[in-house]
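Here the structure comes first, spelled out in structure tokens, and everything after it is commentary.
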Amino acid sequence: MVVARSVDEANPPGHVCLSFDFDGPSLWMMRRMTTAAPISRGEFGAVAVPRLLRLLGERSIPATFFVPGHTIETYPDVCRMIVDAGCEVGLHGYAHEMNALQSVDEERAAMGRSVELVDQLTGVRPVGYRAPAGDLTNQTIELLIEFGLVYDSSLMGHDVAPYRVRVGDAFPDDGPAEWGSESELIELPWSWTNDDYPYLEFVAFRRMIMPGLARPEDMFANWFGDLEWMVRDVRGGVATFVFHPQVIGRGHRLLALERFLDDAASLGLRFDAMADVALAVQAGVEFGIET
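All residue numbers for the sequence shown refer to our numbering, where the first residue is 3 and numbers rise by one.
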């Protein structure tokens with residue numbers, strides 16, 4: 003069970019939320035790439051998670067793992083290690099389903115099954131969600147509210163400030179956007195620019211190639227620049243970074259991650275589990291105030 007840390011007031015230098023999408027084979031199943039080679043890439047995630055937990059533990063850094071229900075059922079011992087390390091576990095679909103392709107009944111069933119699996123694993127109901135592939139629909143938002151989730155981390159409407167998710171947006175072809183109503187669901191935004199997958203992972207699709215395989219030092223240089231700007235120009239900013247164990251868990255990348263974490267700490271930034279920031283927002287703490 004994640005041990006909640008109080009975030010009573012915004013830390014002026016800012017906050018860093020480290021998140022890990024432990025997809026396992028489900029990422030490749032969703033793509034219908036289920037031959038031995040792609041599935042083995044998902045299997046490597048289970049090899050990498052203990053390495054990441056050891057690295058985080060050595061620095062006493064809290065983190066949030068978004069884990070599909072399929073991964074919990076496939077790797078129960080590894081998922082238990084995540085909980086025993088004191089990390090938060092959030093929802094990430096059952097088998098990394100694409101939300102936009104599901105009916106409401108299909109999505110409700112997958113979400114309900116995943117909630118039960120996280121509850122059984124951690125002993126508490128999950129409070130956070132990240133959509134597979136970051137694809138959040140109006141239907142998904144309504145279901146998150148129905149299931150009592152506190153926060154989502156799938157949208158990109160800001161970079162360093164949490165905000166409330168709207169319900170019922172519409173985009174007619176012949177007029178301006180029609181914004182829906184603000185809900186109680188809190189958004190802790192992310193971005194592909196702060197996700198390790200497009201930088202580092204090579205994937206050959208049938209009709210395209212994702213080149214990946216960049217130097218992790220280049221990726222972390224970009225990320226550190228975001229942190230330096232946040233410390234300079236924002237009070238109580240919240241920067242969320244997205245990792246995938248099957249991507250970041252290789253030796254040279256782990257070494258680069260260690261250096262990035264130490265550099266972030268040198269800026270006076272505080273590391274927090276995403277649930278702790280969301281609960282602080284819920285309690286009225288303001289974050290991400292540009293100065």
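Ideal Cβ placement from N, Cα and C applies to all residues, glycine included. Bear in mind the structure is a predicted one, so any value in this text is a computation, not a measurement.
How many angstroms separate the CA atom of residue 103 from the CA atom of residue 159?
23 Å
Exposed or buried, which one is residue 192 when buried takes at least 16 other CB atoms within 10 Å?
Under this definition residue 192 is a buried residue.
Residue 280 to residue 231, Cα distance in whole Å?
22 Å
Roughly how many angstroms lie between the CA atoms of residue 75 and residue 82, to the nearest whole one?
Cα to Cα, residue 75 sits roughly 11 Å from residue 82.
Would you give the residue range spanned by the alpha helix (DSSP H) that residue 72 belongs to?
It spans 71–76 - the alpha helix (DSSP H) in which residue 72 sits, taken as one unbroken run.
In three-state DSSP terms, what is residue 241?
strand
Just tell me which of 219, 188, 95, 246 has its CA closest to the CA of residue 288.
188
Just how far apart, CA to CA, sit residue 40 and residue 213?
16 Å
For my contact list, residue 337 and residue 190 are in at a C-beta cut-off of 8 Å; report their separation, rounded to the angstrom.
Residue 337 cannot be examined here, being either before or after the span of the chain that is shown, 3 to 293.
Would you please state the rounded distance, in angstroms, between the beta carbons of residue 101 and residue 50? I believe it to be under 8 Å.
Contact doesn't hold; Cβ gap of about 26 Å is too wide.
Quick check: the stretch 166–178 against the stretch 138–154, are at least 3 beta-carbon pairs closer than 8 Å?
yes
Taking residue 116 as the reference, which of 67, 105, 200, 95 has the closest Cα?
Residue 95 holds the alpha-carbon nearest to the alpha-carbon of residue 116 among 67, 105, 200, 95.
Residue 255 versus residue 23: straight-line alpha-carbon distance, rounded:
16 Å
If you measure between the beta carbons of residue 92 and residue 247, is that distance less than 9 Å?
no
Quick one: using the 10 Å Cβ neighbour count with 16 as the cut-off for buried, is residue 260 buried or exposed?
exposed
Among 282, 58, 226, 33, which one has its Cα closest to the Cα of residue 88?
58
Taking its Cβ as the centre, do 16 or more other Cβ atoms sit within 10 Å of residue 291, making it buried, or is it exposed?
exposed
Same chain, Cβ closer than 6 Å to residue 68, neighbours up to 5 away in sequence not counted
23, 92, 94, 132
Cβ-Cβ separation, residue 277 to residue 162 (assumed contact under 8 Å), whole Å:
Actually they do not touch by this definition, with Cβ atoms about 18 Å apart.
Runs of 3 residues minimum, wholly inside the stretch 238–277: which ones carry the beta strand (DSSP E) assignment?
Taken in chain order, the complete beta strand (DSSP E) segments of 3 or more residues contained in the stretch 238–277 are 240–245.
Put residue 15 into one of helix, strand or coil per three-state DSSP.
In the displayed model, residue 15 falls within coil according to three-state DSSP, outside both helix and strand.
Residue 61 and residue 263 look like a contact to me (Cβ under 8 Å); what is the Cβ gap, rounded to whole Å?
6 Å
Alpha carbon to alpha carbon, how far is residue 109 from residue 173? Give it in angstroms, no decimals.
23 Å
Give me whichever residues DSSP pairs with residue 236 in a beta bridge.
292
Checking 9 Å against the spacing of the C-beta atoms, do residue 229 and residue 16 come in under that value?
Going by C-beta atoms, residue 229 is nearer than 9 Å to residue 16.
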